[in-house]
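Data first, discussion second: the structure below is written as structure tokens.
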Amino acid sequence: MERYLQGNYRKPMRRRLITALGLAVIGLPAIIFGGVFYFLLMGTFLVGAAWEYVHLFRAVKFDPNIIVTIGGVAAISITRMFFPQYSQPVLAAVILLAMTVHLIAYERGRDQSALDFGATIGGVVYIGWIGAYLFDLRNIPEG
Numbered sequence: 191m192e193r194y195l196q197g198n199y200r201k202p203m204r205r206r207l208i209t210a211l212g213l214a215v216i217g218l219p220a221i222i223f224g225g226v227f228y229f230l231l232m233g234t235f236l237v238g239a240a241w242e243y244v245h246l247f248r249a250v251k252f253d254p255n256i257i258v259t260i261g262g263v264a265a266i267s268i269t270r271m272f273f274p275q276y277s278q279p280v281l282a283a284v285i286l287l288a289m290t291v292h293l294i295a296y297e298r299g300r301d302q303s304a305l306d307f308g309a310t311i312g313g314v315v316y317i318g319w320i321g322a323y324l325f326d327l328r329n330i331p332e333g
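Numbering of the sequence shown is given in this note's numbering, commencing with residue 191 and proceeding in unit increments.
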């Protein structure tokens with residue numbers, strides 16, 4: 191059995207501690223006060239997660255549409271926070287838009303367009319729809 195080399199963990203631990211304190215300084219007031227400040231903070235994290243999601247799939251030679259994925263996450267986040275009654279039609283519109291974009295990509299010769307479509311919709315639903323529950327939970331009275 192190989193033994194793992196133990197390195198100096200002080201620098202990574204210090205960086206993690208500073209990051210955790212910085213996120214607490216920004217995140218706790220957002221959670222306490224809620225409203226637009228909470229939306230902007232959580233929306234920034236969700237859009238950043240969507241961007242990272244697209245780049246992870248591009249690293250393994252898939253091509254989810256970055257505009258549809260990030261735009262869909264942003265649109266779903268906005269509607270779930272401010273206009274929750276319109277969130278399902280917006281999700282349906284984003285799915286149809288993604289289908290159109292990837293159908294055009296297929297017609298232009300992209301042979302993995304169906305997998306790209308699945309990755310795009312996966313990002314929109316997983317990050318956008320499930321992530322928007324952060325807004326729903328915060329909007330509950332006493333939430």
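Backbone N, C-alpha and C fix where the C-beta goes; we use that ideal spot for every residue, glycine too. Here the structure is a predicted model, which is why all the values come from computation and not from measurement.
So, for residue i: in the same chain, excluding its five sequence neighbours on each side, which residues have a beta-carbon less than 6 Å away from its beta-carbon?
{"i": "Asp253", "result": "Asp306"}
{"i": "Gly318", "result": "Gly262, Val263, Ile266"}
{"i": "Gly233", "result": "Ser267"}
Please identify the residue among the options whose C-alpha is closest to the C-alpha of residue i.
{"i": "Ile285", "options": "Leu246, Ile257, Thr234, Tyr228", "result": "Ile257"}
{"i": "Gln278", "options": "Arg206, Ile320, Ala210", "result": "Ile320"}
{"i": "Thr259", "options": "Ala304, Ser303, Met232, Thr310", "result": "Thr310"}
{"i": "Tyr316", "options": "Trp241, Gly225, Ile208, Ala210", "result": "Trp241"}
{"i": "Pro331", "options": "Tyr243, Phe247, Gly224", "result": "Gly224"}
{"i": "Phe325", "options": "Phe247, Phe273, Leu287, Gly308", "result": "Phe273"}
{"i": "Gln302", "options": "Phe247, Gly233, Thr209", "result": "Phe247"}
Please look up how many angstroms separate the CB atoms of residue i and residue j, rounded, as I've assumed it's under 8 Å.
{"i": "Arg270", "j": "Ala322", "result": "4 Å"}
{"i": "Val280", "j": "Leu236", "result": "At roughly 14 Å, the Cβ-Cβ gap does not stay under 8 Å, so Val280 and Leu236 are not in contact."}
{"i": "Ala288", "j": "Asn255", "result": "7 Å"}
{"i": "Gly308", "j": "Tyr243", "result": "Actually they do not touch by this definition, with Cβ atoms about 13 Å apart."}
{"i": "Gly217", "j": "Leu231", "result": "7 Å"}
{"i": "Tyr228", "j": "Arg300", "result": "Not confirmed; about 39 Å, so no contact."}
Please go through the same chain and pick out, in chain order, the residues whose beta-carbon is closer than 8 Å to the beta-carbon of residue i, but skip the five residues on each side of it.
{"i": "Val215", "result": "none"}
{"i": "Pro202", "result": "none"}
Examine the ligand ZN and report whether any of its heavy atoms sits within less than 7 Å of the Cβ of residue i.
{"i": "Ala239", "result": "For the structure depicted, the ligand ZN is absent and the ligand set is empty, with no information on it obtainable."}
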